[in-house]
Each structure stands twice: as structure tokens, then as C-alpha cells.
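K.L.:
The structure is given below, and queries will be raised subsequently.
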Amino acid sequence: AQTVTQSQPEMSVQEAETVTLSCTYDTSESDYYLFWYKQPPSRQMILVIRQEAYKQQNATENRFSVNFQKAAKSFSLKISDSQLGDAAMYFCARTYGNKLVFGAGTILRVKS
Amino acid sequence: DGGITQSPKYLFRKEGQNVTLSCEQNLNHDAMYWYRQDPGQGLRLIYYSQIVNDFQKGDIAEGYSVSREKKESFPLTVTSAQKNPTAFYLCASSIYPGLDETQYFGPGTRLLVL
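Put into C-alpha cells, the structure is as follows:
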């Protein structure tokens, strides 16, 4: 199967707080890549973070980090010290052969 | 500045008309992709190309066509056979599948039917 599931259609976080977005996926492969992309109101897709499945260490990019649980096929995104500019749609994606398969997205709202 | 450009930003199509969306990149990437995004949904792959003069159908290729005559360019034609073309279209590129899977996206084109 090629599914990527984001079970939270919408999330809210207070400015400066931490929020975690969930993502699970199906795969029978041992080597693949996982991504989180951000789509702000401008609709430009922006890469947030990526993880290579054969690396056990969780990827980190400044305030963004992932919790990669390979056996559970889970790839959650943690945003620390949330800022108003973090408000966007967030998409989880994984490689499938030469393609990317995307989840349906999670809308993140940041309250001031 | 290196990047991916898409034009136009907005495109209007009349019934029975073919329209072409432009995608150009100067990142020297080998692979290019076209996605469709419908409201409140994720991205679905239309076509992709790994090298010049070669391209493959994605998950929703019916009613669309592409060409890859130059490394930098991957135009998408929405034909009259596509009965529900209203959507947001995103073009992406990557260095080469298998070397680095990261895809970088253009700003998108919104297609509306008159």
C-alpha cells in the first residue's frame, strides 16, 4: 500500500508552546525517505525536515524535530517555541520508488 | 537565484480548450514532477520525468500530457479530456531519484474553468 495517514485534520497551539503533528505510513521497503513540508497561505510548498529511514538518529532543524519510529511506521513532527509564522498546512510524505506519496495534511493554527 | 518558476500564476480555461502550464528550473536537477492539489487535500502525482526525453505517468495522468525536451523545462498540458481541471498545480524537481530524494517546489499555478 502507498498510504500516508495524518490523523489530525487541524491542530492549535499557543505562541511559544510546543505542538506535535502525527504521521503514520505503510511500506514494505527497508530504505526510504520521509519528509515534512509546510504550505503557508501563499501555497508555496516549503521543505521543513527530512529523514532517511536507514538512519536511526532523529532529524532536527532548529525548532523542528521528528520522532521517527521505524518499526511502528510513525514519523511525527515536533515544533518547539511555536511562532505565528508557523501557521500553515503541514504535509507528511514518503518516497515510493521514484515518487513521493503525501498525506492529506494538518492545518496548524497558532494563537497569540 | 536558483529555483523553480511556474507561469502563469492564474489560468482560465474555456470548455473544450487545451491549456499549457509552464515549469522551468535552473537548479540543474535531473528529475521533474507535476502534482495536482484539490482543496483540503494532499498532492497527487500527474506525471514525472527522470531524464530528458523520458517521462512516466503518475497516479492521475488521464487528461494530461507532458514533454521534456530540455532539462530545464517540463510543461504540462491540460487537455479537453480532463473533465474537472479546476485545481492548484505544483511543479517540483529533485537532483536525481536515488541520489537525493528531496523535491523542491515551484510557487504553483491555479487553473480555473470558465
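Protein chains in written order, with this note's numbering: chain A, 4 to 115; chain B, 77 to 190. In this text, a Cβ means the ideal position worked out from N, Cα and C, and glycines have one as well.
#1: Could you check whether the Cβ of Tyr124 (chain B) sits closer than 8 Å to any Cβ belonging to chain A?
#2: For the pair the region 80-95 of chain A and the region 36-48 of chain A, tell me if three or more CB-CB distances fall below 8 Å.
#3: Would a check of beta-carbon distances place Lys102 (chain A) closer than 8 Å to chain B?
#4: Indicate whether at least one CB of chain A lies closer than 8 Å to the CB of Phe88 (chain B).
#5: Have a look at Ser156 (chain B) and Phe71 (chain A) and give me their C-alpha separation to the nearest angstrom.
#6: Under three-state DSSP, which class holds Leu190 (chain B)?
#7: Measuring alpha carbon to alpha carbon, tell me which residue in A:Ile110, A:Gln11, A:Thr23 is nearest Arg66 (chain A).
#8: Is there a Cβ of chain A sitting closer than 8 Å to that of Glu138 (chain B), yes or no?
#9: What span of residues does the beta strand (DSSP E) with Ala168 (chain B) cover, start to end?
#10: Give the C-beta separation of Leu2 (chain A) and Tyr124 (chain B) to the nearest angstrom, bearing in mind that I take them to be a contact with Cβ-Cβ under 8 Å.
#11: Under the rule that 16 or more other beta-carbon atoms within 10 Å means buried, what is Thr6 (chain A), buried or exposed?
#12: With Tyr114 (chain A) and Ser15 (chain A) assumed to form a contact (beta carbons below 8 Å), what rounded beta-carbon distance in angstroms separates them?
#13: Output the distance between the C-alpha atoms of Ala96 (chain A) and Lys159 (chain B), rounded to the nearest integer angstrom.
#14: Candidates B:Gln126, B:Ala137, B:Lys133: which alpha carbon is nearest Lys147 (chain B)'s?
#15: Nearest CA to the CA of Glu64 (chain A): which residue from A:Lys73, A:Tyr57, A:Leu80?
#16: Using the beta-carbon of each residue, which ones in chain B are nearer than 7 Å to Met48 (chain A)?
#17: For Val189 (chain B), which of B:Cys99, B:Glu91, B:Asp135 has the nearest alpha-carbon?
#18: Distance cutoff 8 Å, beta carbons only. Does Gln117 (chain B) sit that close to anything in chain A?
#19: Check the Cβ of Leu121 (chain B) against every Cβ in chain A and list those closer than 7 Å, keeping chain order.
#20: Does DSSP put Leu103 (chain B) in a helix, in a strand, or in coil?
P.N.:
Let's see:
#1: For the purposes of this step, residue 124 (chain B) is taken as the residue at position 48 of the second sequence. Judged by the 8 Å Cβ criterion, Tyr124 (chain B) is in contact with chain A.
#2: yes
#3: Within the first sequence, residue 102 (chain A) is the residue found at index 99, counting from 1. Yes, because at least one Cβ of chain B sits closer than 8 Å to the Cβ of Lys102 (chain A).
#4: Translated into positions along the second sequence, residue 88 (chain B) becomes position 12. It does not: the Cβ of Phe88 (chain B) has no partner Cβ on chain A nearer than 8 Å.
#5: Your numbering for residue 156 (chain B) matches position 80 in the second sequence. Your numbering for residue 71 (chain A) matches position 68 in the first sequence. So the two alpha carbons sit approximately 44 Å from each other.
#6: If you number the second sequence from 1, residue 190 (chain B) lands on position 114. Of the three classes helix, strand and coil, the one that applies to Leu190 (chain B) here is coil, per DSSP.
#7: Taking the first sequence and counting its residues from 1, the one referred to as residue 66 (chain A) is at position 63. Ranking the options by Cα distance to Arg66 (chain A), first place goes to A:Thr23.
#8: For the purposes of this step, residue 138 (chain B) is identified with residue 62 of the second sequence, where counting begins at 1. For Glu138 (chain B), the answer is no, since every Cβ of chain A falls outside 8 Å of its Cβ.
#9: One-based indexing of the second sequence puts residue 168 (chain B) at position 92. Looking at the DSSP string, the run of the beta strand (DSSP E) that includes Ala168 (chain B) is 163-170.
#10: Residue 2 (chain A) is absent from the structure shown; chain A starts at 4 and stops at 115.
#11: Residue numbering aside, residue 6 (chain A) sits at position 3 when the first sequence is read from its first letter. With fewer than 16 Cβ atoms within 10 Å of its Cβ, Thr6 (chain A) is classed as exposed.
#12: Taking the first sequence and counting its residues from 1, the one referred to as residue 114 (chain A) is at position 111. Taking the first sequence and counting its residues from 1, the one referred to as residue 15 (chain A) is at position 12. Note on identity: in this sequence residue 114 (chain A) is Lys, with Tyr being the wrong assignment. Contact holds; Cβ gap of about 6 Å.
#13: Your numbering for residue 96 (chain A) matches position 93 in the first sequence. Your numbering for residue 159 (chain B) matches position 83 in the second sequence. The straight-line gap from Cα to Cα measures roughly 28 Å.
#14: Residue 147 (chain B) sits at position 71 when you count from the first residue of the second sequence. Closest option to Lys147 (chain B), Cα to Cα, is B:Gln126.
#15: As a working mapping, residue 64 (chain A) is identified with position 61 in the first sequence. It is A:Leu80 whose Cα lies nearest to the Cα of Glu64 (chain A).
#16: On the first sequence, position 45 is the one that residue 48 (chain A) refers to. Neighbours of Met48 (chain A) on chain B, chain order: Leu166, Phe181.
#17: Indexing the second sequence from 1 puts residue 189 (chain B) at position 113. Per the Cα distances, B:Glu91.
#18: In the second sequence, counting from the first residue as 1, residue 117 (chain B) sits at position 41. So yes, Gln117 (chain B) belongs to the interface.
#19: The residue you call residue 121 (chain B) lines up with position 45 of the second sequence. Near Leu121 (chain B) (Cβ distances below 7 Å), the residues of chain A are Lys102.
#20: Locating residue 103 (chain B) in the second sequence gives position 27, counting from the first residue. If DSSP states are grouped into helix, strand and coil, Leu103 (chain B) belongs with coil.
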